[in-house]
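**Student:** Just passing along the structure, written as structure tokens.
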Amino acid sequence: MFQAHDFRRIFVTDAIMNGLPPHIAQSICGHKTIDTTMGYKTVYPAETIEAHRAFIARRRATRPSEEYRTPTDTEWDAFLAHFEKRKVSVGTCARAFATPCVHEHACVRCSLLRPDPAQRARLEEIHDNLEARIIEAKREGRPGEVEGLQISYSGVKDKLAQIDSTSGALQQRRGSDCQRSAPSPEEALPHEH
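The sequence shown begins at 259 in the numbering used here and counts up by one.
The following block contains the structure:
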């Protein structure tokens, strides 16, 4: 017997295997993150290899051979500068090279921002400030402002949750590493020869 999520899984797997970009499937499914969408996508080992080979073949066939030349110093400097520009106050922007910021640098709203755990306190300040501004805007009767602030507020909450999930996963890995490296009681006892 099929359930609703079975059909979502079938749709996402079929759509992506037939060329629909994952971020478009994410939008269609209404997922906040690409990870949720890719969780619905079934990946088969042979499919991974075939997809990579097909991607490389398509890319080489559609891109001019000039793009495979060694870049000039100016081109290389522009490429490296892009990565410097990706560093923002609360993390790193993951947008593609030579693409504009679609959120007009309202980074906390953007799904491409990868928050820096060291900036958690700053994000909490932004969270608290937005909360106070939403209360004020409601009190002053500015519904348009409330709507915009709530989008940013939701974004900040998502960024804090990303930090928490990343920190939790890191602590779990560290904990399991510690458990593996600790000697058993028998190993810790001195051996008599």
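For each residue, glycine too, the CB sits at the ideal point set by N, CA and C.
Do A262 and A273 have their C-beta atoms closer together than 7 Å?
**Tutor:** The residue given as residue 262 occupies position 4 in the sequence shown. The residue given as residue 273 occupies position 15 in the sequence shown. Result no, Cβ atoms of A262 and A273 do not sit closer than 7 Å.
**Student:** Entirely within the stretch 304-345 and at least 4 residues each: give me those alpha helix (DSSP H) ranges in chain order.
**Tutor:** Taking only runs of at least 4 residues, the alpha helix (DSSP H) segments lying wholly in the stretch 304-345 are 331-343.
**Student:** Identify the residues that DSSP records as bridge partners of G349: which are they?
**Tutor:** In the sequence shown, the residue the question calls residue 349 occupies position 91. Answer is V346 and P373.
**Student:** If you drop the 5 nearest sequence neighbours on each side, which residues of the same chain put their C-beta closer than 7 Å to that of T295?
**Tutor:** Counting from 1 along the sequence shown, the entry for residue 295 is found at position 37. Within the same chain, T295 has close Cβ partners V270, P280, A283, Q284, C287 and H289.
**Student:** What separation, rounded to the nearest whole angstrom, lies between the Cα atoms of I392 and K415?
**Tutor:** Stepping through the sequence shown from its first residue, residue 392 is reached at position 134. Stepping through the sequence shown from its first residue, residue 415 is reached at position 157. About 14 Å.
**Student:** Classify F265 as helix, strand or coil using the three-state DSSP reduction.
**Tutor:** Taking the first residue of the sequence shown as position 1, residue 265 is located at position 7. Of the three classes helix, strand and coil, the one that applies to F265 here is helix, per DSSP.
**Student:** Can you list, in chain order, the residues of its chain with a C-beta nearer than 7 Å to that of R367? Leave out the 5 residues immediately preceding and following it.
**Tutor:** Start at 1 with the first residue of the sequence shown, and residue 367 comes out as number 109. The answer, listed in chain order, is H361, I409, S410 and G413.
**Student:** Is the stretch 310-321 touching the stretch 384-399, taking contact as three or more C-beta pairs under 8 Å?
**Tutor:** Flag = no, the stretch 310-321 and the stretch 384-399 do not touch.
**Student:** Between the Cα of A379 and those of E405, G349, G406 and E394, spot the shortest distance and give me the residue it belongs to.
**Tutor:** Locating residue 379 in the sequence shown gives position 121, counting from the first residue. Closest option to A379, Cα to Cα, is G349.
**Student:** May I ask you to report which of helix, strand or coil DSSP gives C287?
**Tutor:** As a first step, residue 287 is located in the sequence shown; it is residue number 29 there, counting from the start. Helix, per DSSP.
**Student:** Nearest to R267 by alpha carbon, out of T320, G277, T300 and D293?
**Tutor:** Here residue 267 refers to the residue found at position 9 when the sequence shown is read from its first residue. Closest option to R267, Cα to Cα, is T300.
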